[in-house]
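A.B. asks: Take a look at the following structure, please.
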């Protein structure tokens with residue numbers, strides 16, 4: 685209270701609360717009670733949908749069946765018969781301390797990326813209402829995951845390269861008008877800009893083609909080893925374009941710590957993702 689040393693504390697607190705805006709609920713009492721009763725129900729599962737098209741309400745048994753249909757696919761997941769969090773916590777701390785002692789990362793970076801507690805991610809799915817049989821997009825909640833800080837650090841340092849891809853593709857492959865679209869709105873803006881260009885330059889539409897593509901289960905199908913190698917090779921060639929000054933071996937170690945320790949639990953059972961990456965970690969594609 686040094687800043688207000690000449691103000692009576694009691695008067696200060698009264699003035700503080702006097703200026704507080706009253707909370708006015710936008711739901712009636714009945715609506716609030718109905719909402720709480722839905723939350724407390726054990727026979728249904730309420731989830732946001734993929735592509736943000738709304739909210740889905742599942743029978744809990746049907747939801748669990750869809751989740752297990754994915755988790756029991758041994759190509760992508762391995763079920764564990766023990767809780768790996770404590771062991772993994774110690775292993776990650778040991779590896780990060782090794783990087784610090786060998787002067788590959790600074791003390792500040794070490795404190796930024798080391799796990800603070802031995803917590804495990806949780807698994808859920810986002811139902812794809814726009815597809816037949818309503819499959820689910822797998823998500824691992826990585827907010828307090830053991831590798832969350834490392835993942836955020838990688839995402840923070842790799843993201844600045846995205847706007848540079850236009851320059852890189854032009855210099856390396858002589859490809860012009862290369863864009864990385866942020867979202868649907870960005871696509872619409874570019875289409876509008878292109879329409880203007882067509883009108884002003886009288887381009888013959890017979891020679892124009894709009895080609896689109898889709899990757900089935902993008903997150904799950906990114907090869908962990910190949911993806912790591914591609915990122916490391918990219919940084920070896922173009923790392924100078926940004927301020928990412930870690931060695932390629934250090935980058936590789938950090939990426940592998942994220943991808944190789946993707947543990948999570950569902951209904952009290954522990955699993956490990958052995959192929960691809962998880963939607964939910966900051967390091968994954970946006």
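In this note's numbering, the protein residues as written are 685 to 970. All C-beta atoms, glycine included, are put in the ideal place defined by N, C-alpha and C.
Between the stretch 789 to 807 and the stretch 822 to 839, do three or more beta carbon pairs fall short of 8 Å?
C.D. replies: Yes, the stretch 789 to 807 touches the stretch 822 to 839.
A.B. asks: Should residue 855 be counted as a contact of the ligand PLP given a C-beta to heavy atom distance under 7 Å?
C.D. replies: The ligand PLP is not part of the structure shown, which contains no ligands of any sort.
A.B. asks: Would you call the CB atoms of residue 960 and residue 924 closer than 8 Å?
C.D. replies: no
A.B. asks: Closest to residue 832 by C-alpha separation, out of 820, 867 and 800, would be which residue?
C.D. replies: Closest in alpha carbon position to residue 832, among 820, 867 and 800, is 800.
A.B. asks: Look at residue 732 and residue 810 and say whether their C-beta atoms are less than 8 Å apart.
C.D. replies: yes
A.B. asks: Could you pull the start and end residues of the beta strand (DSSP E) that residue 975 belongs to?
C.D. replies: This structure cannot settle anything about residue 975, because the visible part of the chain is limited to 685 through 970.
A.B. asks: Throw me the rounded Cβ distance for the residue 772 and residue 945 pair, which I believe falls under 8 Å.
C.D. replies: 5 Å
A.B. asks: Can you give the Cα-Cα distance for residue 818 and residue 963, rounded to whole angstroms?
C.D. replies: Roughly 18 Å separates the two Cα atoms.
A.B. asks: Whose C-beta lies closer than 6 Å to the C-beta of residue 920 among residues of the same chain, with five residues either side of it excluded?
C.D. replies: 932
A.B. asks: Would you check if there are 3 or more beta carbon pairs closer than 8 Å linking the stretch 755 to 764 to the stretch 946 to 960?
C.D. replies: As far as the Cβ criterion goes, the stretch 755 to 764 touches the stretch 946 to 960, which means the pair count is three or higher.
A.B. asks: To the nearest angstrom, how far is the alpha carbon of residue 815 from that of residue 942?
C.D. replies: 30 Å
A.B. asks: Taking the beta strand (DSSP E) that residue 810 falls in, what are its first and last residues?
C.D. replies: Counted as a single uninterrupted DSSP element, the beta strand (DSSP E) harbouring residue 810 occupies residues 805 to 811.
A.B. asks: Check whether the Cβ atoms of residue 749 and residue 729 lie closer than 8 Å to each other.
C.D. replies: no
A.B. asks: Kindly provide the ranges of any beta strand (DSSP E) runs that are 3 or more residues long and lie completely inside the stretch 869 to 951, ordered along the chain.
C.D. replies: 947 to 950
A.B. asks: Is residue 837 near residue 797, with beta carbons less than 8 Å apart?
C.D. replies: yes
A.B. asks: The alpha helix (DSSP H) that contains residue 1001, what's its start and end?
C.D. replies: Any question about residue 1001 goes unanswered here, given that the chain covers just 685 to 970.
A.B. asks: Secondary structure at residue 791, three-state DSSP: helix, strand or coil?
C.D. replies: helix
A.B. asks: Quick one: what's got a C-beta closer than 8 Å to residue 777's C-beta in the same chain, skipping five residues either side?
C.D. replies: 798 and 799
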